[in-house]
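Peer 1: Read in order, the letters of the sequence shown are residues 71 to 301 in the working numbering.
Before I ask anything, here is the structure I am working with.
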Amino acid sequence: MKFPVSEIFCSVQGEGNYAGVNALFVRFQFCNLACRWCDSKYTWAGNKKNYKEFTDSRLKDIIRHARPYHIILTGGEPALYRIDKLAVAGKRFHVESNGTLLPLEDIVVQLPNGLTVSRKAMKEDIIQHFNWVISPKLKNAHQQFPEETLSFWAHKDYAVFKFVVQKAGDLEEAGQLIKRYKIDNRKVYICLEGTTLASQINPALVKKIIARGWNFSPRLQVILWNNRRKH
Numbered sequence: 071m072k073f074p075v076s077e078i079f080c081s082v083q084g085e086g087n088y089a090g091v092n093a094l095f096v097r098f099q100f101c102n103l104a105c106r107w108c109d110s111k112y113t114w115a116g117n118k119k120n121y122k123e124f125t126d127s128r129l130k131d132i133i134r135h136a137r138p139y140h141i142i143l144t145g146g147e148p149a150l151y152r153i154d155k156l157a158v159a160g161k162r163f164h165v166e167s168n169g170t171l172l173p174l175e176d177i178v179v180q181l182p183n184g185l186t187v188s189r190k191a192m193k194e195d196i197i198q199h200f201n202w203v204i205s206p207k208l209k210n211a212h213q214q215f216p217e218e219t220l221s222f223w224a225h226k227d228y229a230v231f232k233f234v235v236q237k238a239g240d241l242e243e244a245g246q247l248i249k250r251y252k253i254d255n256r257k258v259y260i261c262l263e264g265t266t267l268a269s270q271i272n273p274a275l276v277k278k279i280i281a282r283g284w285n286f287s288p289r290l291q292v293i294l295w296n297n298r299r300k301h
């Protein structure tokens, strides 16, 4: 089994419920969405082949011998692939997903670039040990999100939710989804959209996030490095 990988590197996790931990990142190529504010468009935009293919055994070997305990599977969209095949003992796996592709179902997906990707269902007895960080796309991403998938993730103990917002109206939209699908507030993390340090400093908006009982997530890769690739 082969996986298209854009890059592998060590850094700190920038967002979500494990922000700040030392981690190995495995970034997969391709995504089934094309979000306007995506900070990793190089994984899906354009026609240039800027990735390498790794076998599952090679990736597992890299993961197994990596110094960090935390392994971040990101993209692109990692749920396009059988990432359950990458599980190894002694590591804590995290998946950064847009949540539109259900892992327990076979899928055949046509990507925005015209390519078609298919995969078999993953094994839940494996992926239930992963920390799934699901990032539903709001209207500010200019993407349609199949809300029925939220029902699946809302009932999974191994999933948390990360919403990217720009203004107070985005909080209202997120709040409607959270209420409709009975998502536990303790599993909700709100990030601020933007790629500059100034975009991440918005005390008034953070105050509104806290008032709703949600978690605020920093975006350390923006705060520390202005979202520049460090490798």
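Just so it is clear, CB atoms sit at the ideal spot from N, CA and C, and this is done for glycine as well.
Roughly how many angstroms separate the alpha carbons of isoleucine 293 and asparagine 272, rounded to a whole number?
Peer 2: The residue labelled residue 293 in the question sits at position 223 within the sequence shown. The residue labelled residue 272 in the question sits at position 202 within the sequence shown. Cα to Cα, isoleucine 293 sits roughly 13 Å from asparagine 272.
Peer 1: For tryptophan 295, count neighbouring Cβ atoms within 10 angstroms of its own Cβ and tell me buried if that reaches 16, exposed if not.
Peer 2: As a position in the sequence shown, residue 295 is number 225, starting the count at 1. It counts as exposed.
Peer 1: Counting only runs that start and end within the segment 237 to 289, where is the alpha helix (DSSP H) found for 4 or more residues in a row?
Peer 2: With a minimum length of 4 residues, the continuous alpha helix (DSSP H) runs that stay inside the segment 237 to 289 are 238 to 250, 273 to 281.
Peer 1: By Cβ distance below 6 Å, which residues in the same chain neighbour alanine 191 in space, the five residues on each side in sequence not counted?
Peer 2: In the sequence shown, counting from the first residue as 1, residue 191 sits at position 121. The answer, listed in chain order, is Leu174, Glu175, Asp176.
Peer 1: Which one or two residues does DSSP pair with threonine 144 in a beta bridge?
Peer 2: For the purposes of this step, residue 144 is identified with residue 74 of the sequence shown, where counting begins at 1. Paired residues: Arg97.
Peer 1: Measure the beta-carbon distance from valine 235 to glutamate 194 and round it to whole angstroms, keeping in mind my assumption that it falls under 8 Å.
Peer 2: For this step, residue 235 is matched to residue 165 along the sequence shown. For this step, residue 194 is matched to residue 124 along the sequence shown. Contact flag wrong, Cβ pair sits at about 31 Å.
Peer 1: Quick one: residues in its chain with C-beta nearer than 7 Å to the C-beta of arginine 134, no 5 flanking neighbours on either side, listed in chain order?
Peer 2: Counted from its first residue, the sequence shown places residue 134 at position 64. Closer than 7 Å at the Cβ level, and outside the excluded window around arginine 134, lie Val158.
Peer 1: With 16 as the cutoff for other CB atoms within 10 Å, does glycine 90 come out buried or exposed?
Peer 2: Counting from 1 along the sequence shown, the entry for residue 90 is found at position 20. Burial call: exposed.
Peer 1: Any idea what DSSP makes of valine 158, helix, strand or coil?
Peer 2: Translated into positions along the sequence shown, residue 158 becomes position 88. Coil, per DSSP.
Peer 1: So, using beta-carbon positions, are glutamate 85 and serine 287 closer together than 8 Å?
Peer 2: Taking the first residue of the sequence shown as 1, we reach residue 85 at position 15. Taking the first residue of the sequence shown as 1, we reach residue 287 at position 217. Closer than 8 Å, so yes.
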